[in-house]
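Remarks on the structure that follows.
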Amino acid sequence: MDLIIPVLIGIAVLSFLVFVHEAGHFLAAKLFGVKVEEFGFGFPFPGKIWSVKKGETTYSINWLPAGGFVKLYGEESGSARGPRAFTSKPVGVRIIIAAAGVIVNIALAVILFTILLAASSFKADFDLQIPNQFPFGKQTNYVLITGVEEGSPAQMAGLKFGDKILSHDGQRVNFVEDLQDLVEVNKGKPLSLLVENIKEDNQLRVVNAVPRIDPPEGQGALGLGLAQGATVAYESFAERLFSGVLHSGNMLQYQWVGMKTIFGKAFEQGSLEPIASQSSGPVGIVAVLGVIVQNAGTESVRILLTLTAFISLVLGVVNILPIPAMDGGRLFFFALEAVRGKKVSPKVENLVHSIGFVVLIFLFLLITFNDVVKIFTGRIFG
């Protein structure tokens, strides 16, 4: 029962973002006079839950809420003709319609990030799984406490989950390695640490902890779980004015660093397993969203909006990549047509998209299987 509300929240967020994406295609098609035969939420497998026809368009809600679609007149059939057929429109118009979903997703992310940053003094915190230097804003690194051992010096000193360790005796502690070096040379001696808690209105306090000379097996001298964190501040007027755009750029740059690592491993191993194991599909995203929001306390709304913006951004960018059967794949063929001055053979394009679709379905099933395994083994976050 405890999982029902978080799961419903996760489904609602993902459903909303899919709806926004497809609405972008729908509105662009209507704007340029393309006949929209159906606007569907979810995929009709095994069938439709509900549908209604208004004017020339059927609006439907379908059983599989993992996506959505806009069926345009003439999009699939090269034989469809007439001024309202998708294939009859100039290539520039087709590019706009195909890119509209991506544009709306990215625009939504920028708007949400702008609102969230304005509400937090134009500062944002990152939990860095991979070392990174962000291209925009002023970055300040810190050490984040992710766990405190029972009865440890850290617990006795009052250190808590969510504390940011900022400095020692006035000297910045920027990296986990810095703190580890300090602890190593100060075993048995008090360490004076300036900390800030992200769950307690960012209040500053000084704590004194004495690292153990001979800690229990499996524990560190302080008994802490640590992660690398960073705060990025947007300080100038121009940075604040365009903070949503800059923050989106920072998020994408960090994801690109992570993707290079994952795809590098996949290439080295000659396997899709690293991609599947480090990625999340709809099931994994819903689970992570639900767990985070459920445990976020008073920060749940802010965190939910942050995750919504981030997923919308990633959804937009992934869809614009030149992957067959996705928006980016179609855009690639439209761009090729614009350069060549003539359309690519429909048979060739359909074959490429069909192969891409099969690969995507296989990857989707593999990722979903891994998501389910993670959920049932309690490893939702990795």
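Take -4 as the starting number for the sequence shown in the numbering used here and just add one per residue.
Just so it is clear, CB atoms sit at the ideal spot from N, CA and C, and this is done for glycine as well.
8 Å Cβ cutoff met for residue i and residue j
i    : j    : result
G324 : P317 : yes
V190 : D158 : yes
L139 : G224 : yes
L67  : L154 : no
G63  : F36  : yes
T226 : T301 : no
F131 : G244 : yes
Y229 : S238 : yes
A18  : V99  : yes
F121 : T141 : no
A94  : L326 : yes
P319 : V296 : no
6 Å CB neighbourhood of residue i in its chain, flanking five on each side removed
i    : result
L3   : none
D164 : S187
F376 : The predicted model places F376 with a pLDDT of 48, which falls under 50 and marks its position as unreliable, so this point remains unresolved.
K182 : P206, I208 and A216
S46  : T53 and S55
A104 : S243, A304, S307 and L308
V240 : V105
Residue i versus the options, residue with shortest Cα-Cα distance
i    : options                   : result
A80  : L111, K25, V15 and F36    : K25
I49  : E33, I56, G63 and L59     : According to the sequence shown, residue 49 is Lys rather than Ile. It is E33 whose Cα lies nearest to the Cα of K49.
A75  : G35, P341 and F359        : P341
L355 : A94, M321, E344 and F327  : M321
Q175 : L217, N197, S147 and G146 : L217
G87  : V15, A7, L247 and F328    : F328
P89  : N345, K338 and N365       : Reading off the sequence shown, one finds Arg at residue 89, where the question assumed Pro. The candidate whose alpha carbon is nearest that of R89 is K338.
V168 : F14, L221, P210 and G142  : L221
K396 : S295, S266, A333 and H16  : Outside the displayed range of the chain (-4 to 377) lies residue 396, so it cannot be described from this structure.
E172 : F357, A261 and Y137       : Y137
L123 : L12, Q166 and F170        : F170
S231 : W251, F11 and K133        : K133
S266 : E71, N192 and L358        : L358
N192 : E294, N365 and A261       : E294
Environment of residue i [buried if 16+ CB atoms lie within 10 Å]
i     : result
F258  : exposed
M(-4) : For M(-4), the predicted structure reports a pLDDT of 44, less than 50, and the residue's modelled location is therefore unreliable. A value from the coordinates is still provided. Flag for M(-4) reads exposed.
S349  : exposed
G215  : buried
G69   : buried
A233  : exposed
V180  : exposed
A330  : exposed
S147  : buried
I160  : buried
P211  : exposed
L236  : exposed
V31   : buried
L360  : exposed
P1    : buried
N197  : exposed
V8    : buried
Chain-order list of residues whose beta-carbon lies under 7 Å from that of residue i (same chain, five-residue window excluded)
i    : result
I92  : H20, A23, A24, F27 and V29
V97  : G311, N314, I315 and D322
N345 : none
I44  : I56, N57 and W58
Sequence-distant residues of the same chain with beta carbon closer than 8 Å to residue i, five excluded per side
i    : result
F14  : F36 and G63
I101 : S243, S307, L308, G311 and V312
G336 : none
P382 : The first residue shown for the chain is -4 and the last is 377, placing residue 382 beyond what the model contains.
E51  : K30, V31 and E32
Cβ of residue i within 8 Å of any chain C Cβ
i    : result
V178 : As a matter of chain content, chain C is missing from the structure shown, which is built from one protein chain.
Residue i CB to nearest heavy atom of the ligand ZN below 7 Å
i    : result
K342 : This structure lacks the ligand ZN, and indeed carries no ligand of any kind.
When the Cβ atoms of the segment 32 to 51 are set against those of the segment 115 to 125, are three or more pairs found closer than 8 Å? no
Decide yes or no for the touch test of the segment 98 to 111 against the segment 126 to 134: beta carbon pairs closer than 8 Å, at least 3 of them. no
Under 8 Å, with one C-beta from each stretch per pair, do the segment 199 to 207 and the segment 132 to 152 reach the 3-pair mark? yes
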